[in-house]
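Peer 1: Residue numbers (full-length UniProt numbering): 1 to 310. This is the structure I want to talk about, given as structure tokens.
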Amino acid sequence: MSADMATQTEAGEGGEGGEAGAPGGGGRGDGGLRDRLVYLAVLSRPRFWLYLAGPVVVGVAAAASAPADLFGLEPLALFAYFLVPANVFLYGVNDVFDADVDEANPKKDDREARWRGDPVNTAVVAASGLLGLGLFAVVPRVAWPWLAAHFFLAVEYSAPPLRFKTTPLFDSVSNGLYVLPGVAAYAAVSGSNPPILAVAGAWLWTMGMHTFSAIPDIEPDREAGVRTTATALGERRTYWYCAATWGLAAVAFAAVDRRLGALLAAYPAVVLGIVAAGVDVDRAYWWYPVINTVVGMLITLGALWRLVYG
């Protein structure tokens with residue numbers, strides 16, 4: 001799905017009418033190194049850092065056969081990269097190619113940052129992607145296809161020519177990019193690929209998570225002419241789509257381990273509860289970093305328990 005710096009970073013964000021040097025403002029002024037670092041931190045969506053790094057932790061814990069496996073070069077390198085640089089790259093590419101669309105998106109004023117297209121920021125985003133290529137020199141070849149798929153989807157989700165995010169269903173499916181770091185971590189530590197049903201369950205989970213997170217953007221995206229699964233279905237049917245994908249994810253995980261299936265069943269239960277209670281999506285949207293963190297923690301603790309106690 002997370003680390004949470006939102007209170008600090010959102011307080012420093014401004015809208016298009018903010019000062020040029022404000023971290024989230026629409027201007028391109030540079031208030032110095034600190035201003036640039038704060039801006040890049042906001043751009044990287046700190047609340048969602050663990051959406052990429054968290055699966056690495058889960059994958060490593062699930063694959064480890066001895067405690068020493070948890071702290072090898074491969075898991076540490078993967079975690080370090082996917083915690084921050086990968087998020088700078090992923091969301092930087094997103095913001096570069098969404099700059100025009102985001103002009104009508106109020107979320108950029110409230111909790112994210114509008115793209116500042118100066119050469120330094122562009123170079124930082126590009127360098128963050130190039131840094132990830134160094135992982136291929138660290139991990140074994142069995143993990144290479146998973147890493148390659150992640151970087152392909154991280155770029156083509158937002159960038160032409162494919163720009164998956166603007167095609168209904170493909171925008172949802174392509175969000176499997178979030179679990180691929182965990183799959184790569186499992187492969188790197190174990191030397192083999194994880195169970196295919198676990199990969200399928202995790203992929204379905206990301207589909208539901210992405211589409212749910214797109215519900216607050218339905219109206220801004222429609223105004224900007226952006227087509228997504230959420231804009232095609234509308235809010236009500238998008239809830240049902242999320243419940244279905246999360247339900248299938250729970251079934252897939254249950255085939256691997258019934259305890260995992262029971263844990264993942266919380267997701268369709270929560271979204272159905274949101275519909276039944278009429279909770280506003282803008283409020284419910286911010287529950288999920290907490291839910292995802294708790295679920296990821298429980299899965300990881302379960303894997304560590306197996307590792308220590310057998």
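For each residue, glycine too, the CB sits at the ideal point set by N, CA and C.
Check the C-beta distance from proline 289 over to arginine 47 and give it rounded, since I have them as a contact under 8 Å.
Peer 2: For the purposes of this step, residue 289 is identified with residue 289 of the sequence shown, where counting begins at 1. For the purposes of this step, residue 47 is identified with residue 47 of the sequence shown, where counting begins at 1. Yes, they are in contact, since the Cβ atoms of proline 289 and arginine 47 sit about 5 Å apart, within 8 Å.
Peer 1: Short of 7 Å in beta carbon distance, which residues of its chain neighbour alanine 232, apart from the five on each side in sequence? Order them along the chain.
Peer 2: In the sequence shown, residue 232 corresponds to position 232, counting from 1. Correct list, in chain order: Pro168.
Peer 1: If you check the beta carbons only, do tryptophan 49 and asparagine 94 fall under 7 Å apart?
Peer 2: Stepping through the sequence shown from its first residue, residue 49 is reached at position 49. Stepping through the sequence shown from its first residue, residue 94 is reached at position 94. No, they are not a contact pair.
Peer 1: Out of Gly201, Phe164 and Ala269, state which residue places its alpha-carbon closest to the alpha-carbon of leucine 180.
Peer 2: Taking the sequence shown and counting its residues from 1, one reaches residue 180 at position 180. Of Gly201, Phe164 and Ala269, the residue nearest in Cα terms is Gly201.
Peer 1: So the alpha helix (DSSP H) leucine 233 belongs to, where does it begin and stop?
Peer 2: Counted from its first residue, the sequence shown places residue 233 at position 233. Start and end: 229-256.
Peer 1: Which same chain residues end up closer than 6 Å to alanine 214 when comparing Cβ atoms and leaving out the 5 residues on each side of it in sequence?
Peer 2: In the sequence shown, the residue the question calls residue 214 occupies position 214. Thr228 and Ala230.
Peer 1: I think serine 128 touches proline 85, with their Cβ atoms under 8 Å apart; what is that distance to the nearest whole Å?
Peer 2: Here the question's residue 128 lines up with position 128 in the sequence shown. Here the question's residue 85 lines up with position 85 in the sequence shown. Indeed they touch by this definition, with Cβ atoms about 4 Å apart.
Peer 1: If you compare alpha carbons, which of His210, Phe253, Ala154 and Tyr285 is closest to isoleucine 196?
Peer 2: As a first step, residue 196 must be located in the sequence shown, where it is residue number 196. The residue with the shortest Cα to Cα distance from isoleucine 196 is Phe253.
Peer 1: Would you mind giving the Cβ-Cβ distance between histidine 210 and asparagine 175, rounded to the nearest angstrom? I have them listed as a contact below 8 Å.
Peer 2: Here residue 210 is taken as the residue at index 210 of the sequence shown, counted from 1. Here residue 175 is taken as the residue at index 175 of the sequence shown, counted from 1. Their Cβ separation, rounded to whole angstroms, is 4 Å, which keeps histidine 210 and asparagine 175 in contact under 8 Å.
Peer 1: Mark residue 317 as exposed unless 16 or more other C-beta atoms lie within 10 angstroms of its C-beta, in which case mark it buried.
Peer 2: Missing from the structure shown is residue 317; the chain here goes from 1 to 310 and no further.
Peer 1: Which of the three DSSP states is assigned to aspartate 118 in this structure?
Peer 2: Locating residue 118 in the sequence shown gives position 118, where the first residue counts as 1. Of the three classes helix, strand and coil, the one that applies to aspartate 118 here is coil, per DSSP.
Peer 1: Aspartate 100: which of Arg116, Pro67 and Ala187 sits nearest, CA to CA?
Peer 2: What you label residue 100 is simply residue 100 of the sequence shown in a count that begins at 1. The shortest Cα separation from aspartate 100 among Arg116, Pro67 and Ala187 belongs to Arg116.
Peer 1: Whole angstroms are fine: how far does the CA of leucine 204 sit from the CA of glycine 302?
Peer 2: For the purposes of this step, residue 302 is taken as residue 302 along the sequence shown, with counting starting at 1. For the purposes of this step, residue 204 is taken as residue 204 along the sequence shown, with counting starting at 1. Distance between the alpha carbons of glycine 302 and leucine 204: 21 Å.
Peer 1: With a CB to CB cut of under 6 Å and the five nearest residues on each side skipped, what residues in its chain are close to leucine 304?
Peer 2: Locating residue 304 in the sequence shown gives position 304, counting from the first residue. So the list reads Ala61, once near-sequence residues are dropped.
Peer 1: Tell me which same chain residues have a C-beta within less than 8 Å of the C-beta of leucine 52, skipping the five on either side of it?
Peer 2: The sequence position of residue 52 within the sequence shown is 52, counting from 1. The answer, listed in chain order, is Phe82, Leu83, Ala86, Asn87, Leu90, Tyr178 and Pro181.
Peer 1: Smallest Cα separation from valine 155: which of Asp98, Thr245, Gly261 and Ser190?
Peer 2: Sequence index remark: in the sequence shown, residue 155 carries index 155 (1-based). Considering only alpha carbons, the answer is Asp98.
Peer 1: Classify glycine 310: buried if its beta carbon has 16 or more other beta carbons within 10 angstroms, exposed otherwise.
Peer 2: The residue labelled residue 310 in the question sits at position 310 within the sequence shown. By the 10 Å Cβ count, glycine 310 comes out exposed.
Peer 1: Which same chain residues, not among the five before or five after proline 55, have their C-beta less than 6 Å away from its C-beta?
Peer 2: Position 55 of the sequence shown, counted from the start, is the residue given in the question as residue 55. The residues are Val179, Pro181 and Gly182.
Peer 1: Give the secondary structure of tryptophan 287 by DSSP, where H, G and I count as helix, E and B as strand, and everything else as coil.
Peer 2: Counting from 1 along the sequence shown, the entry for residue 287 is found at position 287. Three-state DSSP puts tryptophan 287 in a helix.
Peer 1: Rank Ala277, Gly278, Ala266 and Leu131 by C-alpha distance to the C-alpha of valine 294 and give the top, closest one.
Peer 2: Looking up residue 294 in the sequence shown gives position 294. Taking only the C-alpha atoms, the option nearest valine 294 is Ala266.
Peer 1: Drop a sphere of 10 angstroms on the beta-carbon of tryptophan 286, count the other beta-carbons inside from all chains shown, and report buried for 16 or more, exposed for fewer.
Peer 2: Taking the first residue of the sequence shown as 1, we reach residue 286 at position 286. Label assigned to tryptophan 286: exposed.
Peer 1: Determine the direct distance from the alpha carbon of glutamate 235 to that of glycine 296, and round the result to whole angstroms.
Peer 2: For the purposes of this step, residue 296 is identified with residue 296 of the sequence shown, where counting begins at 1. For the purposes of this step, residue 235 is identified with residue 235 of the sequence shown, where counting begins at 1. Going from the Cα of glycine 296 to the Cα of glutamate 235 covers about 27 Å.
Peer 1: For tryptophan 203, which of helix, strand or coil comes out of DSSP?
Peer 2: Counting from one through the sequence shown, the residue named residue 203 turns up at place 203. Note: tryptophan 203 maps to helix in three-state DSSP.
Peer 1: Does serine 192 come out as helix, strand or coil in the three-state DSSP assignment?
Peer 2: For the purposes of this step, residue 192 is taken as the residue at position 192 of the sequence shown. The answer is coil: DSSP assigns serine 192 none of H, G, I, E or B.
Peer 1: Asparagine 186 by DSSP, collapsed to three states: which one?
Peer 2: Taking the sequence shown and counting its residues from 1, one reaches residue 186 at position 186. According to the sequence displayed, residue 186 carries tyrosine and not asparagine. Helix, per DSSP.
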